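Residues 4 to 373, numbered by my numbering, are exactly what the sequence shown covers, in order.
C-beta: ideal position from N, C-alpha, C; glycine also.
Bear in mind the structure is a predicted one, so any value in this text is a computation, not a measurement.
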Amino acid sequence: MRKIASAGPFITEKEVKYVNDAVKNGWYSHWGDYLEKFEKSFARYLGVKYALATSSGTGALHVAMTALGVGPGDEVIVPEVTWIASVAPIIYLGGRPVFADIERDSWCIDPKSVKKLINKKTKGIIPVHLFGQPANMSAIKRIAKEHKLFILEDAAPGLGSEYKGKKAGAIGDMGMFSFQGAKLLVTGEGGMLTTNSRKLYEKARLFWDHGRNSKSKQPLWNITIGYKYKMSNLQASLGLAQLEHIDELIRKKNEIFFSYKRELEEIDGIELNLMPDQKNIKKVYYMTCMIMTKKFRLSRDELISHLKKNDIDCRPMFHPITKFPIFKSQRKQNPNAYFISGNGIVLPTPMNLTKKDVVRVCKTIKKGIL
Ligand SMILES: *Cc1c(COP(=O)(O)O)cnc(C)c1O
């Protein structure tokens, strides 16, 4: 039986052509051609003034938080259910992550929970558009404005989603994306930082490139200590090719989701990451995730093993961050986070998944739990 991967990209001749061209010609005076094109096209796609390509999404978050001024003693509010990359850079900078619960329906950060966590040390909020569902940005923006907090959108899972006429990643002070191999758009590894603020862009750019002042008459002139988070031209050539058919990438992910929905919706006790239609909000079904809301024959972890035994790779949902021993002291059992995450499985959604594969995955699930 063919092995079904948990994720993977859609690569066409265009990608091969651009990467080939970058390998052959992307050097000397052409070392940055694809990089510039990728950043400009991405900014245009998103509807923002500035985009800065990075070597990873984590790097984009680190540079963004540096530009936003996160420092020792500052608290930053993040949802309890996310990838560790939204959290770690706060700690790199000496700050403290504070964990908000998620909403029961959207599975994204709960503004009511955020409100309760704000104090004098709070510096900003990082909403995560989990699995392509935009977080409740109107409420987050109101809270941020009232308490003068920054908003940094972790839009790594939200590429292509729209919220009230704006694209995810174009709503807060800054936004970021990841192009790691399991994401919607891939560059191997890589990321992007987005903003409409010239000031934040320039600050981020400074820390992105070793603290070099690009405006100095003296080349290679460092005015502070920065990091090295630039994307390479080679990776950008792959990213540009992917971006040029992003609507196709989105359509494929949405089709996968709705194939799963058809197969699983009749099972009582299975819930998918399907929020009822919201006005003015466009969701991209970047990942398909199911939660088991009642007791089945197999537990969540047993079901994952059962799928793996049948050559179907899948993963548990992100663990609640405070479940990790290193965050034990902050454990306060955000109930929705623990419930959704504890019962969730991210189903395989590689771009090469066929309708027949979906039927096979769902048959295997049904055989396991019913
Ligand atoms: C993938 C991801 C990132 C960043 O990932 P990198 O692997 O560093 O590119 C950040 N946040 C979330 C929610 C992610 O899924």
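| Asked | Found |
| --- | --- |
| Taking residue 156 and residue 178 to be in contact with their CB atoms under 8 Å, please state how far apart those CB atoms are, rounded to whole angstroms. | 4 Å |
| According to DSSP, which residues form a beta bridge with residue 274? | 294 |
| CB of residue 159 to nearest heavy atom of ligand 1: below 7 Å? | yes |
| Go to residue 69, then tell me how far its alpha helix (DSSP H) extends in each direction, as first and last residue. | 60-70 |
| How would you call residue 15, buried or exposed, if buried means at least 16 neighbouring beta carbons within 10 angstroms? | exposed |
| Alpha carbon to alpha carbon, how far is residue 354 from residue 370? Give it in angstroms, no decimals. | 25 Å |
| Note down the Cα distance separating residue 299 from residue 373, rounded to an integer number of angstroms. | 7 Å |
| In three-state DSSP terms, what is residue 116? | helix |
| Per DSSP, what are the beta-bridge partners of residue 179 in this structure? | 157, 196 |
| Anyone know if the C-beta pair for residue 289 and residue 275 falls short of 8 Å? | no |
| Buried or exposed: which applies to residue 21, given that a residue is buried once 16 or more other Cβ atoms fall within 10 Å of its Cβ? | buried |
| Since residue 152 contacts residue 128 with CB under 8 Å, what's their CB separation in whole angstroms? | 6 Å |
| Which residues in the same chain have their Cβ closer than 7 Å to the Cβ of residue 60, if we skip the five residues on either side of it in sequence? | 88, 159, 179, 180, 181, 183, 194 |
| If you count every other CB in all the chains shown that lies within 10 Å of the CB of residue 314, and 16 or more means buried, which is it? | exposed |
| Heavy atom of ligand 1 less than 7 Å from the Cβ of residue 73, yes or no? | no |
| Quick one: grab the DSSP three-state call for residue 289. | coil |
| Does the region 38-49 come into contact with the region 104-122, if we say contact requires no fewer than three beta-carbon pairs (one atom in each stretch) closer than 8 Å? | no |
| Identify which residue in 165, 271, 11, 291 has its Cα closest to the Cα of residue 297. | 271 |
| Skipping 5 residues on each side, what residues in its chain have a beta carbon closer than 7 Å to that of residue 35? | 236 |
| Would you kindly check if the distance between the Cβ of residue 188 and the Cβ of residue 246 is under 8 Å? | yes |
| Is any heavy atom in ligand 1 found nearer than 7 Å to the beta carbon of residue 164? | no |
| With a floor of 4 residues, list each alpha helix (DSSP H) that falls wholly inside the region 311-349, ordered by position along the chain. | 338-345 |
| Assign residue 132 to one of two classes, buried (16 or more other C-beta atoms within 10 Å of its C-beta) or exposed (fewer than that). | buried |
| Would you say the beta carbon of residue 211 is closer than 7 Å to some non-hydrogen atom of ligand 1? | no |
| Can you tell me whether residue 7 is buried or exposed? The criterion is at least 16 other CB atoms within 10 Å of its CB, across all chains shown. | buried |
| Which whole-angstrom value describes the C-beta separation of residue 163 and residue 287, a residue pair presumed to lie in contact below a C-beta threshold of 8 Å? | 4 Å |
| Going by the beta-carbon positions, is the gap between residue 207 and residue 25 smaller than 8 Å? | no |
| In three-state terms, what does DSSP make of residue 185? | coil |
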